[in-house]
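Sequence order for the protein chains is A and B.
At position 53 of the first sequence (counting the first as 1) the number is 53 in my numbering, and the numbers step up by one without a gap.
At position 139 of the second sequence (counting the first as 1) the number is 139 in my numbering, and the numbers step up by one without a gap.
Don't be surprised by glycine CBs; every beta carbon is placed ideally from N, CA and C.
Protein chains: 2
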Amino acid sequence: MFFLKNLPSRQMVEGYSDRFEGVDVGNVMDALDLMRKASLLIRELEAYFADHGFSQLRFLTLVVIDREPDRSSLMAGEVADRLDVSKPVVTRVLRSLESANLISIASSSDDARSREISLTAAGQAKLAEIMPGYFSILNRAMSSAKADS
Amino acid sequence: MFFLKNLPSRQMVEGYSDRFEGVDVGNVMDALDLMRKASLLIRELEAYFADHGFSQLRFLTLVVIDREPDRSSLMAGEVADRLDVSKPVVTRVLRSLESANLISIASSSDDARSREISLTAAGQAKLAEIMPGYFSILNRAMSSAKADS
DNA sequence: CTCCTATAGTTAGCATGATAACTATATCCG
DNA sequence: CGGATATAGTTATCATGCTAACTATAGGAG
């Protein structure tokens, strides 16, 4: 994450980047700004999820399973692929969601190595509970970012 | 972090957000896009830092001490403040940097609770080693982001 | 048919974010 | 001056990101 509170001034970046060929100061500042804004938003979202005894990772894990068109389950590897995180991260979060009865995990009849993940009714309900606040925070974050520009 | 690979389509977000009062679909999509772009950039930076046996947190810790005007040291609490992370995170990273002889930690003569953190010559050298690549990645990330828009 | 390579997922360990609870020290008020 | 409150930093614990190494299973080639 990136929470550096005072992003460097243009002058400070210029002082550094003059020594580095082909570096545009505006790009550097925009990149730092992007990372900070996103990290602050993620922190705010995590706090919101924590109030619901949840996290963004768990939430998104339910989302990618729930929204898959024409299917009611995903393989664990597909979950990792859609979340774009490493497999051990998915192994752990699936175990935790299973313990909380929000998903169920079944071995695949096609391939004994694979596990099929589907949402339980409680998982659907948890998604429905959390979704409105999530959208509100995303909406508000961008509204005030646009007002600040 | 937020690495969701396929951000929802406008249609999909509309399907959800119609149920939530006052939520602008464009804002939601922009927020998701912001988080993903920043998370990918942070991931790329962490990979760059890992190649140098380092991390962005350690790097920024050295940076905030090095760039403080008119001072050659910061208190640990000031480091936490400037990085905008919790104090235990700073306690740990300072210990790790001290073990690597990149900083030195002294008790404050003013206040026995406080610790004064300053860079060693090796710390300065590490910063100089890493800085160019850091700027390059930030620059390139924003150049291609702008090209994609 | 057997063996080798590839793949799905797990385990171990590390670093970084957080909160809660703690210790040691400083300061202020009565 | 002493006690209560506040502050600086530490320790413990949990969750999430990663890489490396592992186990079990699948598939393909000879």
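Chain A within 8 Å of residue i, Cβ atoms only
{"i": "M1(B)", "result": "yes"}
{"i": "R92(B)", "result": "no"}
{"i": "R67(B)", "result": "yes"}
{"i": "F20(B)", "result": "yes"}
Cβ pair residue i, residue j closer than 8 Å
{"i": "L7(A)", "j": "M29(A)", "result": "yes"}
{"i": "S136(A)", "j": "V93(B)", "result": "no"}
{"i": "A31(A)", "j": "A141(B)", "result": "yes"}
{"i": "M75(A)", "j": "S17(A)", "result": "no"}
{"i": "I65(A)", "j": "L119(A)", "result": "yes"}
{"i": "M12(A)", "j": "A38(B)", "result": "no"}
{"i": "I130(A)", "j": "V79(A)", "result": "no"}
{"i": "F49(A)", "j": "I42(B)", "result": "no"}
{"i": "E68(B)", "j": "Q56(B)", "result": "no"}
{"i": "S149(B)", "j": "N27(A)", "result": "no"}
Cutoff 8 Å: residue i Cβ touching any chain B Cβ
{"i": "K87(A)", "result": "no"}
{"i": "A47(A)", "result": "no"}
{"i": "L4(A)", "result": "yes"}
{"i": "M12(A)", "result": "yes"}
{"i": "Q56(A)", "result": "yes"}
{"i": "L62(A)", "result": "no"}
{"i": "M75(A)", "result": "no"}
{"i": "N101(A)", "result": "no"}
Neighbourhood of residue i by C-beta, 6 Å cutoff - its chain only, sequence neighbours within 5 removed
{"i": "G123(B)", "result": "L62, L102 and I103"}
{"i": "H52(B)", "result": "I130"}
{"i": "G14(A)", "result": "First, the amino acid is wrong: residue 14(A) is Glu here, not Gly. Around E14(A): V25."}
{"i": "A100(A)", "result": "none"}
{"i": "K87(B)", "result": "A80"}
{"i": "A106(B)", "result": "E116"}
Cross-chain neighbours of residue i in chain B, by beta carbon under 9 Å
{"i": "I42(A)", "result": "M1, F2, M35, A38 and S39"}
{"i": "D24(A)", "result": "N139, M142 and S143"}
Cross-chain neighbours of residue i in chain A, by beta carbon under 7 Å
{"i": "A141(B)", "result": "A31"}
{"i": "S17(B)", "result": "F135"}
Identity of the residues DSSP links to residue i by a beta bridge
{"i": "S109(A)", "result": "Answer is none; S109(A) lacks a bridge partner."}
{"i": "L74(A)", "result": "I117(A)"}
{"i": "S104(B)", "result": "S118(B)"}
Contact set between residue i and chain B, taken where Cβ atoms lie within less than 8 Å
{"i": "R82(A)", "result": "L4, K5 and N6"}
Within chain B, the residues that residue i reaches when beta carbons sit closer than 7 Å
{"i": "V79(A)", "result": "Under the 7 Å cutoff, chain B gives no residues; its nearest Cβ is about 11 Å from V79(A)."}
Cβ-based neighbour list, residue i, same chain, cut-off 8 Å, excluding 5 preceding and 5 following
{"i": "L97(B)", "result": "R58, T61, L62, I103 and G123"}
{"i": "E44(B)", "result": "I137 and A141"}
Residues near residue i in its chain [Cβ-Cβ closer than 7 Å; skip 5 each side]
{"i": "D33(B)", "result": "L7"}
{"i": "G133(B)", "result": "Y48"}
{"i": "R82(A)", "result": "V64"}
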